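Taken in order, these protein sequences are the chains called A and B.
For the first sequence, counting from 1, position 64 maps to 64 in our numbering; every step adds exactly one.
For the second sequence, counting from 1, position 292 maps to 292 in our numbering; every step adds exactly one.
Written out below as structure tokens is the structure these notes cover.
Protein chains: 2
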Amino acid sequence: MTLSQLGAFVFVARLGSVKAAARALGVSEPAVSQSLAQLRRHLGDPLVTRSGDRMVLTEGGSRLLGIASQIVALGAEAVAAVQPGRPARLHVVMDAGLAEYVAGPLLCLFTQRKQVDATTGVAATAETPLLLSSRLADVALGAQLTGDGLVSRPVLRCRLIVVGSPRGRRDHWLVGPSGTDPASDTSRLLRLLRVQEPQVRVFANQTAAWKAAAEGAGLAPATAHLVASQLRRGELVPIETAATPLASYWYATTLEPAARSGAAGTFMDFLTTPAATQVMRTPDEGVPRSRFRPTVHVSIWS
Amino acid sequence: MTLSQLGAFVFVARLGSVKAAARALGVSEPAVSQSLAQLRRHLGDPLVTRSGDRMVLTEGGSRLLGIASQIVALGAEAVAAVQPGRPARLHVVMDAGLAEYVAGPLLCLFTQRKQVDATTGVAATAETPLLLSSRLADVALGAQLTGDGLVSRPVLRCRLIVVGSPRGRRDHWLVGPSGTDPASDTSRLLRLLRVQEPQVRVFANQTAAWKAAAEGAGLAPATAHLVASQLRRGELVPIETAATPLASYWYATTLEPAARSGAAGTFMDFLTTPAATQVMRTPDEGVPRSRFRPTVHVSIWS
DNA sequence: TCGGTAAATAAGGCTTTCCTTAATGAGGGG
DNA sequence: CCCCTCATTAAGGAAAGCCTTATTTACCGA
């Protein structure tokens, strides 16, 4: 299986014809046909078959096409990436809850100060050590991590509580996406409280979960300082439970200093500045459009 | 540049030594060394250099490593993907706002009814036609799309309004991530109202933007039926403007029927059922943990 | 200064890739 | 039924990949 074989397959699938693919690639028709034949042999699937006047994908071919497109695109990207003069990149992965509240302002502040192209990703805690060691990420923010060559440092102390509406129902638990990460503080709290699976409802984001809790739809675990304004207004009230308040820390993790990139080191230093701490303590207030970077959900294709 | 050359590079970078990489790959040391040499020649960068007792990445090598890891992982994935018996996959991409409110419940309902492994992605409108034609996505939900071989069909009628707090400030505009997509309804509305760049603040999600608007931080564009509950409670009030209310439609787009996958066709049929329409009209109420799928932000690596 | 360790290079052989031209199916439309 | 289009197969040659063993170079520590 070669990059060029995959490229030929992508062209054929997209253009619906070997002839057209050959023309587009600037080679003869049998050249494409043969690349395809070899890929077929290697993978044991026809991938595309002739049907009337065009080539159509088989089941397997259709599953392959997306992956093949990505590989081809990344191949081109790889060549471009090593060219000198490219700006340094910093990829920070974090817990879903953290990403929602601190990613925007934190990265906004950092990129204002340093000329770095920073992006944010969300990843499950279990996958994060792999992301760091494979260099898909430079810094991880969230739970403490242990692993070969990884260094975790606490960056913020926080308290976990449970919030709800005074007369709201108590038999439902409303969580954000971090509730699906077994290693998150949210999940840990739910386990301590022995919450059963069917009682848990997952919302698209933490803000929506808290809003539903404020409307009485159930209880929600919360990081105290992130719901401070709702508590002050009385939209949410703290609910006493056997396990709360629960002390916790946010950690920043990187490869050991010798192995990490320059940008990662700079970011770690930045995290201990008062301005960074301040941003992490106050919820998201929005960022200018030019500085906004969508958060990418990172996952390992194992 | 070969997949195996990239693999050798990844091993050397990760293990910090050619010798260790050779052992791990089960080949001789020069085999690895030569793969590396060829990659270096091809890309014009040393990638890794010896420094004391370990091989360390150069600038370019460090930029390459993440991409190379992905390519290698996807290469393995490709082989697995074509094996028969894998469940059908459906990848739906949508506008950021839509993803936040309807992705969870809609896909939850669909996967309950049909045995399909469905995932959701967010993509900029401009990139969506490419995602569809490259088969990285099966169905797109959001703005109407035109393109070779694409078919758009309206699925829901909606109204755009502007909301805010009665005594809130009027000089700021608060938007969700869809405010950064120039082709989104939100951006269209801001253009019609001639809103200037510095007045716009982008939040991590739409819910947070509306919450900030309710607290008086500014005005926010909104899809009427998604803020119905906040309007009913009086947390938000409609603000009259020259451009609102603005009628709009949500469209579903796929490749033309002959070219699209079976799952895509099934999903298109599903979208016109009363249950699907109902889900799209009512905001997110959370989904069971087992059915939750995080939303992936999809981007084209050009 | 001298070993020792590890990376790089050289040389050789085998396999695979990748392209060409020419010939051979396979299928649809007149 | 024939012709036309397009995919596939065949055959051959140049190049590159990929592995080996043997040798050379580079660097660190004693």
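Every residue gets a Cβ at the ideal spot worked out from N, C-alpha and C, and that includes glycine.
Since the model is a prediction, treat every value here as computed from it, not as a measurement.
#1: Under 8 Å between C-beta atoms, does B/G164 make it to chain A?
#2: Can you give me the Cβ contacts of A/T310 inside the same chain, cut-off strictly under 6 Å, excluding the 5 residues immediately before and after it?
#3: What did DSSP end up calling A/P84 once you bin it into helix, strand or coil?
#4: Looking at the structure shown, is A/S290 part of a helix, part of a strand, or coil, going by DSSP?
#5: In chain A, which residues lie less than 8 Å from B/S133 when you measure between Cβ atoms?
#6: Could you tell me which residues DSSP pairs with B/L219 in its beta bridges?
#7: Between which residues of its own chain and B/P177 is the CB-CB distance below 6 Å, once the five residues before and five after are set aside?
#8: I think B/A8 touches B/A21, with their Cβ atoms under 8 Å apart; what is that distance to the nearest whole Å?
#9: Over the uninterrupted beta strand (DSSP E) stretch that includes A/V155, give me the two end residues.
#10: Helix, strand or coil: which one does DSSP assign to B/V1?
#11: Hey, B/V102 and B/A118 are a contact pair by Cβ (cut 8 Å); roughly how many whole angstroms apart?
#12: Going along chain A, which residues have a C-beta under 8 Å from B/A212?
#13: Evaluate B/A204 with the Cβ neighbour count: other Cβ atoms within 10 Å of its Cβ, from every protein chain shown; 16 or more gives buried, anything less gives exposed.
#14: Any contact of the stretch 247-261 of chain B with the stretch 200-214 of chain B, i.e. 3+ C-beta pairs under 8 Å?
#15: Suppose contacts are defined by Cβ-Cβ distances below 8 Å. Is B/S17 in contact with B/R54 by that definition?
#16: Here's the rule: buried if 16 or more other CB atoms are within 10 angstroms of the residue's CB, otherwise exposed. What is A/E197?
#17: Excluding the 5 residues preceding and the 5 following A/P129 in the sequence, name in chain order all residues of the same chain whose CB lies nearer than 7 Å to its CB.
#18: Among B/V32, B/D181 and B/G142, which residue has its Cα nearest to the Cα of B/L3?
#19: For B/S51, which residues does DSSP report across the bridge?
#20: Under 8 Å, Cβ to Cβ, is there at least one residue of chain B near A/Q70?
#21: Determine whether the beta carbon atoms of B/T180 and B/P221 lie at a separation below 8 Å.
#22: Under three-state DSSP, which class holds B/S248?
#23: Does the separation of the CB atoms of A/V48 and A/V12 fall below 8 Å?
#24: Is B/F292 close to chain A? Criterion is C-beta to C-beta, closer than 8 Å.
#25: Would a C-beta distance cut-off of 8 Å place B/D45 and A/V82 closer than the cut-off?
#26: Note down, in chain order, every chain A residue with its Cβ under 9 Å from the Cβ of B/P1.
#27: Could you check the C-alpha separation between B/G85 and B/A276 for me, to the nearest Å?
#28: Count the other C-beta atoms from every protein chain shown that fall within 10 angstroms of the C-beta of B/S51, then say buried if there are 16 or more, exposed otherwise.
#29: Run through DSSP, which three-state label would A/V92 get?
#30: So, using beta-carbon positions, are A/G164 and A/G234 closer together than 8 Å?
#31: Could you tell me the alpha carbon to alpha carbon distance between B/L15 and A/V56, rounded to whole angstroms?
#32: Taking C-beta pairs closer than 7 Å, name the residues in chain A that B/I239 reaches, listed in chain order.
#33: Do you know how far the Cα of A/P238 is from the Cα of A/L231?
#34: Can you find the residues in the same chain that come closer than 7 Å, C-beta to C-beta, to A/V60, ignoring five residues on each side of it along the sequence?
#35: Taking only beta-carbon positions, decide if A/D45 is within less than 8 Å of chain B.
#36: Give a yes or no on whether the C-beta atoms belonging to B/A213 and B/G168 are separated by under 8 Å.
In this structure, then:
#1: Position 164 of the second sequence, counted from the start, is the residue given in the question as residue 164 of chain B. Not one chain A Cβ lies under 8 Å of B/G164.
#2: The structure shown does not extend to residue 310 of chain A, since chain A is modelled only from 1 to 302, so the question has no answer here.
#3: As a position in the first sequence, residue 84 of chain A is number 84, starting the count at 1. Note: A/P84 maps to coil in three-state DSSP.
#4: To locate residue 290 of chain A, count along the first sequence from 1; it is residue 290. Looking at A/S290 - three-state DSSP - the assignment turns out to be helix.
#5: In the second sequence, the residue the question calls residue 133 of chain B occupies position 133. Residues of chain A passing the Cβ test: R14.
#6: Start at 1 with the first residue of the second sequence, and residue 219 of chain B comes out as number 219. DSSP output for B/L219 lists B/W173 as bridge partner(s).
#7: Here residue 177 of chain B corresponds to residue number 177 of the second sequence, with the count starting at 1. Once the five neighbours on either side are set aside, the close Cβ partners of B/P177 are A96.
#8: Residue 8 of chain B sits at position 8 when you count from the first residue of the second sequence. Residue 21 of chain B sits at position 21 when you count from the first residue of the second sequence. The Cβ separation is near 6 Å, so the contact holds.
#9: As a position in the first sequence, residue 155 of chain A is number 155, starting the count at 1. Where A/V155 is concerned, the enclosing beta strand (DSSP E) stretches over L150 to G164.
#10: In the second sequence, residue 1 of chain B corresponds to position 1, counting from 1. For the record, residue 1 of chain B in the displayed sequence is Met; it is not Val. Looking at B/M1 - three-state DSSP - the assignment turns out to be coil, as it is neither helix nor strand.
#11: Taking the first residue of the second sequence as position 1, residue 102 of chain B is located at position 102. Taking the first residue of the second sequence as position 1, residue 118 of chain B is located at position 118. Not quite, the Cβ-Cβ distance comes to about 13 Å (not below 8 Å), so this is no contact.
#12: Counting from one through the second sequence, the residue named residue 212 of chain B turns up at place 212. Neighbours of B/A212 on chain A, chain order: E285 and G286.
#13: Taking the second sequence and counting its residues from 1, the one referred to as residue 204 of chain B is at position 204. It counts as buried.
#14: no
#15: Counting from 1 along the second sequence, the entry for residue 17 of chain B is found at position 17. Counting from 1 along the second sequence, the entry for residue 54 of chain B is found at position 54. For B/S17 and B/R54, yes; Cβs fall inside 8 Å.
#16: Position 197 of the first sequence holds residue 197 of chain A. Exposed, since its Cβ has fewer than 16 Cβ neighbours within 10 Å.
#17: Position 129 of the first sequence holds residue 129 of chain A. Excluding sequence neighbours, A/P129 sits near L145, G147 and L150.
#18: Looking up residue 3 of chain B in the second sequence gives position 3. Cα-wise, what sits closest to B/L3 is B/V32.
#19: Your numbering for residue 51 of chain B matches position 51 in the second sequence. B/S51 pairs with B/R54.
#20: Taking the first residue of the first sequence as 1, we reach residue 70 of chain A at position 70. Interface residue, yes.
#21: Taking the first residue of the second sequence as position 1, residue 180 of chain B is located at position 180. Taking the first residue of the second sequence as position 1, residue 221 of chain B is located at position 221. Cβ atoms of B/T180 and B/P221: not closer than 8 Å.
#22: Reading the second sequence from its first residue, position 248 is the one you call residue 248 of chain B. In this structure, B/S248 counts as strand in the three-state DSSP scheme.
#23: On the first sequence, position 48 is the one that residue 48 of chain A refers to. On the first sequence, position 12 is the one that residue 12 of chain A refers to. For A/V48 and A/V12, yes; Cβs fall inside 8 Å.
#24: Reading the second sequence from its first residue, position 292 is the one you call residue 292 of chain B. Taking Cβ atoms only, chain A reaches closer than 8 Å to B/F292, which makes this a yes.
#25: In the second sequence, counting from the first residue as 1, residue 45 of chain B sits at position 45. In the first sequence, counting from the first residue as 1, residue 82 of chain A sits at position 82. Going by C-beta atoms, B/D45 is nearer than 8 Å to A/V82.
#26: Here residue 1 of chain B corresponds to residue number 1 of the second sequence, with the count starting at 1. The sequence given here has Met at residue 1 of chain B, not Pro. Simply L3, G75, A78 and V79.
#27: Position 85 of the second sequence, counted from the start, is the residue given in the question as residue 85 of chain B. Position 276 of the second sequence, counted from the start, is the residue given in the question as residue 276 of chain B. The straight-line gap from Cα to Cα measures roughly 29 Å.
#28: Your numbering for residue 51 of chain B matches position 51 in the second sequence. With fewer than 16 Cβ atoms within 10 Å of its Cβ, B/S51 is classed as exposed.
#29: On the first sequence, residue 92 of chain A is found 92 positions in, with the first residue counted as 1. Correct three-state label for A/V92: strand.
#30: Walking along the first sequence from the start, residue 164 of chain A turns up at place 164. Walking along the first sequence from the start, residue 234 of chain A turns up at place 234. No. Outside cutoff.
#31: Here residue 15 of chain B corresponds to residue number 15 of the second sequence, with the count starting at 1. Here residue 56 of chain A corresponds to residue number 56 of the first sequence, with the count starting at 1. If you take the alpha carbons of B/L15 and A/V56, they lie about 43 Å apart.
#32: As a position in the second sequence, residue 239 of chain B is number 239, starting the count at 1. Correct list: empty, because the minimum Cβ distance to chain A is about 18 Å.
#33: Stepping through the first sequence from its first residue, residue 231 of chain A is reached at position 231. Stepping through the first sequence from its first residue, residue 238 of chain A is reached at position 238. Cα to Cα, A/L231 sits roughly 7 Å from A/P238.
#34: By 1-based counting over the first sequence, the position of residue 60 of chain A is 60. What sits at residue 60 of chain A in the sequence shown is Gly, not Val. D45 and L47, listed in sequence order.
#35: By 1-based counting over the first sequence, the position of residue 45 of chain A is 45. Closer than 8 Å to some Cβ of chain B, the Cβ of A/D45 qualifies, so yes.
#36: Sequence index remark: in the second sequence, residue 213 of chain B carries index 213 (1-based). Sequence index remark: in the second sequence, residue 168 of chain B carries index 168 (1-based). Yes, the pair counts as a contact, with Cβ atoms nearer than the cut-off.
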